[in-house]
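Residue 210 in UniProt numbering sits at position 210 of the sequence shown, with consecutive numbering throughout.
Note that beta-carbon positions come from the ideal geometry of N, C-alpha and C, so glycine has one too.
First comes the structure, then the notes that go with it.
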Amino acid sequence: MIELKTPKEIAAMKVAGRFVGSILKELQETTKVGTNLLEIDDLVRRRIESRKGAESCYVDYAPDFGTGPFGHYICTSVNDAVLHGVPYDYSLKDGDLLSLDLALSIDGWCADSALSFVVGDNPNQEDVALIKCTQEALAAGIAAAQSGNRLGDISAAVGEVAHGHGYAVNMEFGGHGIGRVMHGDPFVPNDGKGHHGYKLRPGLTIAIEPWFMKTTDEIYQDTGDGWTLRSSDGSNGAHSEHTIAITDNGPEILTVRE
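This is the structure we're talking about:
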């Protein structure tokens, strides 16, 4: 069921969104060669516990596409791990491509955002291009999220950027509705047909999240942790995401990184 939010409810989501954005910005600024993924998870735990009304959306999350409760506070996906990466005892190396995906709630309202960056001083330029593509696709999807447009306009905008850079698009996972729950209707694919699908209305809140892999669109689930999704050919992946609201004045990003 698709629910439209009131301006007051969107304002409450914005509080959660800014907190998500601030944590991701802090992590991008402080993560370096040698940072352990468990340190990242612990920092997020401490930030959430220090904020009144804040709760993790991940710790007890147990959907049918995972194996048991996720049990951590953030997704940390490294290199060929493209989504749902479980933090583990791994110290980042120079040149690692790291994607961080964070969702939390404040006073019952959720926000979800993700970013990718290369750790260290020697980035692979193909990784840099892949990350840039996800960022451009996210911006295009947000620009298409205008009241009166269709959901397919967002998907088509995201897919057009991906294909223009030569990347294939996996359709199993994508964006989603968000509000009182982290994952709700509608599903927002990362490719689609313009002028088709649900008509966008003020009050709709969704997460748009382009994620692409360098040389494939196929993934598999890591049997070791039962959660991490990896590229089928071992190539790197990248992920960008914002929670937005459809308004009469255009799309508003709720997870700004101030």
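Contact set for residue i: own chain, Cβ-Cβ below 7 Å, skip 5 residues either direction
i, result
"R45", "Y73"
"Q135", "S240"
"M1", "D185"
"P189", "S155, M171, G174"
"E126", "K214"
For residue i: DSSP bridge partner residues
i, result
"K199", "R150"
"R230", "A81, Y220"
"H163", "Bridge partners of H163: none, in fact."
"M171", "Paired residues: none, contrary to the question."
"T205", "A245"
"F212", "A238"
"C110", "S105"
"E55", "S105"
"E252", "A245"
Cβ shell of residue i (< 8 Å), same chain only, five flanking positions each side left out
i, result
"S22", "R257, E258"
Which listed residue (the options) has its alpha carbon closest to that of residue i
i, options, result
"I131", "N79, A11, P87", "N79"
"I178", "A245, G120, G159", "A245"
"E252", "S231, L151, A144", "A144"
"F173", "H183, G166, V59", "H183"
"W211", "L204, I219, T205", "I219"
"T31", "K14, G234, T76", "T76"
"C116", "D42, G152, E29, G234", "Sequence inspection shows Ser at residue 116; the Cys mentioned does not correspond to that position. Closest option to S116, Cα to Cα, is E29."
Same chain, Cβ closer than 6 Å to residue i, five either side skipped, listed in chain order
i, result
"G226", "T67"
"E55", "S105"
"H165", "C133"
Nearest-angstrom beta carbon gap, residue j and residue i [assumed within contact, 8 Å]
i, j, result
"L229", "L83", "4 Å"
"G95", "A156", "Not quite, the Cβ-Cβ distance comes to about 34 Å (not below 8 Å), so this is no contact."
"G17", "T243", "5 Å"
"N149", "L100", "Between L100 and N149 the Cβ distance is about 29 Å, and since that is not below 8 Å, they are no contact."
Alpha-carbon to alpha-carbon, residue j and residue i
i, j, result
"I208", "D89", "30 Å"
"residue 276", "A162", "What the structure shows of the chain is the stretch from 1 to 258, and residue 276 is not part of that stretch, so it cannot be assessed."
"N122", "K214", "18 Å"
"H196", "P202", "18 Å"
"I40", "S147", "37 Å"
"N36", "S91", "4 Å"
"G224", "P7", "43 Å"
"G53", "A62", "22 Å"
"residue 262", "C57", "Residue 262 lies beyond the residue range present for the chain, which begins at 1 and ends at 258; the question has no answer from this structure."
"I48", "G234", "33 Å"
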